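Notes for the one structure printed next.
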Amino acid sequence: MVPIAYYLILAAILFCIGIAAFLIKRNVITIFMSIELMLNAVNLTFVAFAHMWHQVSGQIFVFFVMVVAAAEAAVGLAIIIALFRARQTLNVDNVNLMKN
Amino acid sequence: MQFNTTLLWLIPILPFAGFLLNGTLGRKLPRAAVTAIALLFTLAPAVIVAQLWMFMKSAGAPLSLSIASRPWIAVTGFQVNFAFAVDHLTLVMLGVVTGVGFLIHIYSAGYMAHEEGYWRFFAYLNLFMFFMLVLVLSSSFLLLFVGWEGVGLASYLLIGFYFTKDSAANAGKKAFIVNRIGDFGFLLAMFLIVAHFGSLNFADVFTKVSATPMTGGFLTAICLLLVLGATGKSAQIPLYIWLPDAMEGPTPVSALIHAATMVTAGIYMVARCHTLFDRSPYALGVVAIIGAATALMAATIGMVQHDIKRVLAYSTVSQLGYMFMACGVGAYSAGIFHLMTHAFFKALLFLAAGSVIHALSGEQDMRLMGGLRKRIPITFWTMTMGVFAIAGLPPLAAFFSKDEILYQTYLWDNPLAKLLWAVGMFTAFLTSFYMFRLWFKTFFGAPRFEEHGSSHAPDLHAAHGAAVHASKSSTLVLEAEPKPEYAGHVHGVHESPLVMTIPLILLAILSIVGGWVGVPLAFGGHNEFEHFLDPVFNPTTHIVEHVASRNAEPILAAASVLTALLGLYFAWLFYYKKPGTAAALSERIKPVYSLFSHKYWVDEIYGRFIVVPLFIISRYVLGGLVDTGIVQGSAAVATGTTRGAGSIVRRMQSGNIRSYAGWLAFGAAAVIAIVLFTH
Numbered sequence: 449m450v451p452i453a454y455y456l457i458l459a460a461i462l463f464c465i466g467i468a469a470f471l472i473k474r475n476v477i478t479i480f481m482s483i484e485l486m487l488n489a490v491n492l493t494f495v496a497f498a499h500m501w502h503q504v505s506g507q508i509f510v511f512f513v514m515v516v517a518a519a520e521a522a523v524g525l526a527i528i529i530a531l532f533r534a535r536q537t538l539n540v541d542n543v544n545l546m547k548n
Numbered sequence: 133m134q135f136n137t138t139l140l141w142l143i144p145i146l147p148f149a150g151f152l153l154n155g156t157l158g159r160k161l162p163r164a165a166v167t168a169i170a171l172l173f174t175l176a177p178a179v180i181v182a183q184l185w186m187f188m189k190s191a192g193a194p195l196s197l198s199i200a201s202r203p204w205i206a207v208t209g210f211q212v213n214f215a216f217a218v219d220h221l222t223l224v225m226l227g228v229v230t231g232v233g234f235l236i237h238i239y240s241a242g243y244m245a246h247e248e249g250y251w252r253f254f255a256y257l258n259l260f261m262f263f264m265l266v267l268v269l270s271s272s273f274l275l276l277f278v279g280w281e282g283v284g285l286a287s288y289l290l291i292g293f294y295f296t297k298d299s300a301a302n303a304g305k306k307a308f309i310v311n312r313i314g315d316f317g318f319l320l321a322m323f324l325i326v327a328h329f330g331s332l333n334f335a336d337v338f339t340k341v342s343a344t345p346m347t348g349g350f351l352t353a354i355c356l357l358l359v360l361g362a363t364g365k366s367a368q369i370p371l372y373i374w375l376p377d378a379m380e381g382p383t384p385v386s387a388l389i390h391a392a393t394m395v396t397a398g399i400y401m402v403a404r405c406h407t408l409f410d411r412s413p414y415a416l417g418v419v420a421i422i423g424a425a426t427a428l429m430a431a432t433i434g435m436v437q438h439d440i441k442r443v444l445a446y447s448t449v450s451q452l453g454y455m456f457m458a459c460g461v462g463a464y465s466a467g468i469f470h471l472m473t474h475a476f477f478k479a480l481l482f483l484a485a486g487s488v489i490h491a492l493s494g495e496q497d498m499r500l501m502g503g504l505r506k507r508i509p510i511t512f513w514t515m516t517m518g519v520f521a522i523a524g525l526p527p528l529a530a531f532f533s534k535d536e537i538l539y540q541t542y543l544w545d546n547p548l549a550k551l552l553w554a555v556g557m558f559t560a561f562l563t564s565f566y567m568f569r570l571w572f573k574t575f576f577g578a579p580r581f582e583e584h585g586s587s588h589a590p591d592l593h594a595a596h597g598a599a600v601h602a603s604k605s606s607t608l609v610l611e612a613e614p615k616p617e618y619a620g621h622v623h624g625v626h627e628s629p630l631v632m633t634i635p636l637i638l639l640a641i642l643s644i645v646g647g648w649v650g651v652p653l654a655f656g657g658h659n660e661f662e663h664f665l666d667p668v669f670n671p672t673t674h675i676v677e678h679v680a681s682r683n684a685e686p687i688l689a690a691a692s693v694l695t696a697l698l699g700l701y702f703a704w705l706f707y708y709k710k711p712g713t714a715a716a717l718s719e720r721i722k723p724v725y726s727l728f729s730h731k732y733w734v735d736e737i738y739g740r741f742i743v744v745p746l747f748i749i750s751r752y753v754l755g756g757l758v759d760t761g762i763v764q765g766s767a768a769v770a771t772g773t774t775r776g777a778g779s780i781v782r783r784m785q786s787g788n789i790r791s792y793a794g795w796l797a798f799g800a801a802a803v804i805a806i807v808l809f810t811h
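Protein chains in written order, with this note's numbering: chain X, 449 to 548; chain D, 133 to 811.
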């Protein structure tokens, strides 16, 4: 049996990678992917704890998260396509019409 | 005879409608329409008042009528209604205001015919009528105060009618500000009345006073504060200084507001509150002394003035002093009687003076008049009636009214009575002297004016306020060139048109017969006027004519006729027989003369000791320290702090979404760290 701490450390590492990517990367698709990474890090902790406590509710939560993430991906990708059509760029620093 | 009391509402509302019509549409309307509106909306109330008069005179009429609307102010234990009441005192005032007011409106149509802002003038005049009628009709202190303030406003607007002229604008301000001091007293008096009687209705207050045997105390305080209010409105010492300056307004305004009606509001108010004053002998004494002192002081100043309107202005102050004195000795009906006759003859004198000024194309200085008797005969004869009337020659109006005042003063139950009577007699002599001085200087002797009117064109402009009008874009334009109508109007000395002389003639007739309603018993009359007012001033309050004093009355009357003739003689000697005498005499008594001609330096004293300190306090303490220092300073500190804090904090709001995400991550990490390491 793998100790819970291993899962949590893995999840923390994934989450930090997600944050770091979110903060550093400029390509909007990469940012999108980093958000997914953070969500999945959280999913991992849910599943790990559900397994540890023999509770099914943690796993159900993961499904909810995945559904919401799928919906978010659908909307987000649609926005990205619309953005690319309008601006011919995926660099978020260049998408600053609302600034000032 | 029946009278529909709802018509009472119409009496003030009709002039107000005239004001609204002329005030809003007047600029676009032709002059004839403006005139028609103004005259119609003042004639109609006069007709209603005439009807009301007949009703009140008819047998079986109630002693007073009243009419109230829904509550105006209603809080627990205190209520004021919009309510009017008519008793015999109100009736006299209504008659004077609507009657004389209407005649002056007619006159104005001629006098102001060549002026810019014709519509504005009549709008203001109607507004004045509205407030004056509210003042005399009101049945509570509060509504009276509304009228009181309103006439002050109308007076301000009309004094400053030629508002591009600095002196006129300043005179308007002076009148308004000096009246504020009086109003302050009136307001405090009302607060005291509310505090002690819980009501502002005349009927409630007077009933409560009558029901209890109280005297003096807070009643004296209330009365003295009311007197302060009255001294402001009725131009008595110490607040009389605004009235002579108010002559900057057009002459019909001086006649209507500053002679016949508004300035008598203070006397009306004292007479209206006689129930209060009767309970405070001290306050009454103050009223009498103020009245006598004002009468004498104003008469002495009036003797040495050169401006024809200023002589009349000081004369008005002096006559108002007589009325005050009458009220002070408890002879309210005598005071109101003089108020009525004064309204007739002083309106006449002002209008006649206006006609003289009109004839000379704006000249007001008596040193530049003379010999006008033959040139403007109607004006001369009507003014003669006015002069004889005010001088107190029988059987003209003021002979009866002034004599009644002097007689009642003589009988006053007070050690000061004889002194005040003597002051009154001496003032009567001075009155006669300065009025005949005006008469001789204006109408007799050699002409001292320029015969050809063309040279007067600039004078006309100066005196008539440089013809200002509001142009279509509402910016004020000072006419640089005289308009052709002005040039056409200026043509030598001429009698005024009929529209001006007819009111003069009517007022002259009133000045002659106006006193006959109050012929005292001693001269075979019945003193009808006094008995007419008996329901208001119940007879116990005025001095009962006892038999012994009835013999004194003819002697006193003879004495006052003699003083009047003496005044006539001196005026004749100084200004007709030997024209140089007056100048020589004034040289010989230089200190006294300059005391009079500088108006006792009262304006200067007030300026030095009140206006200048007030100005310094306003400018440097209130303006500099409080306003700039504290108010603006604290505002600057508040904005500075906000701005400084903002300039630091606003760097966080960079608009860069990744920096927000970074802050968010940092914050989350910080929260986790705190949770982990503090437990």
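Ideal placement from N, C-alpha and C gives every residue a C-beta, glycine not left out. Just so we're clear, the structure is a prediction, and the values are computed from it rather than from any experiment.
Could you name the residues of chain X that residue i contacts, counting a contact when the two beta carbons are closer than 8 angstroms?
i	result
Ile789(D)	Val540
Which residues of chain D have a Cβ atom closer than 7 angstroms to the Cβ of residue i, listed in chain order?
i	result
Ile467(X)	Ala797
Which whole-angstrom value describes the C-beta separation of residue i and residue j, a residue pair presumed to lie in contact below a C-beta threshold of 8 angstroms?
i	j	result
Gly150(D)	Phe173(D)	3 angstroms
Ala485(D)	Lys441(D)	6 angstroms
Ile528(X)	Ile477(X)	6 angstroms
Val326(D)	Val419(D)	Between Val419(D) and Val326(D) the Cβ distance is about 23 angstroms, and since that is not below 8 angstroms, they are no contact.
Ile143(D)	Leu269(D)	7 angstroms
Phe477(D)	Val232(D)	Rounded, the Cβ-Cβ distance is 11 angstroms, inconsistent with contact.
Ala353(D)	Leu324(D)	6 angstroms
Ala431(D)	Tyr566(D)	7 angstroms
Would you decide whether residue i is buried or exposed? Buried here means 16 or more other CB atoms lie within 10 Å of its CB.
i	result
Glu736(D)	exposed
Leu757(D)	exposed
Lys189(D)	exposed
Lys160(D)	exposed
Phe334(D)	buried
Gly778(D)	exposed
Ile804(D)	exposed
Pro745(D)	exposed
Asn683(D)	exposed
Ala716(D)	exposed
Asp219(D)	buried
Arg782(D)	exposed
Ala599(D)	Note that Ala599(D) has pLDDT 39, beneath the 50 cutoff, so the model's placement of it is unreliable and no number is given.
Applying a beta-carbon distance threshold of less than 8 angstroms, which residues of chain D neighbour residue i?
i	result
Leu471(X)	Arg790, Ala793, Gly794, Ala797
If you run the structure through DSSP and keep just helix, strand and coil, what is residue i?
i	result
Phe277(D)	helix
Arg202(D)	strand
Val734(D)	helix
Asp315(D)	helix
Ser270(D)	strand
Asn539(X)	strand
Val807(D)	helix
Asn258(D)	helix
Ser666(D)	For the sequence presented, residue 666(D) should be read as Asp rather than Ser. In the structure shown, Asp666(D) sits in coil (DSSP, three-state: anything other than H, G, I, E or B).
Asp410(D)	helix
Asn302(D)	helix
Asp497(D)	strand
Gln503(X)	coil
Ser603(D)	Caution applies to Ser603(D), whose pLDDT of 35 falls short of 50 and renders its modelled position unreliable; the model cannot decide the point.
Cys464(X)	helix
Leu197(D)	strand
Val461(D)	coil
Ala191(D)	coil
Ala215(D)	strand
Asp101(D)	The question about residue 101(D) has no answer, for chain D in this structure spans 133 to 811.
Phe210(D)	strand
Just checking residue i against the ligand ZN - is the residue's beta carbon closer than 8 angstroms to any of the ligand's heavy atoms?
i	result
Trp553(D)	Only the bare structure without any ligand can be found here, which leaves the ligand ZN out of the picture.
Continuous alpha helix (DSSP H) assignments of at least 4 residues falling wholly in the segment 155 to 189 of chain D: 163 to 189
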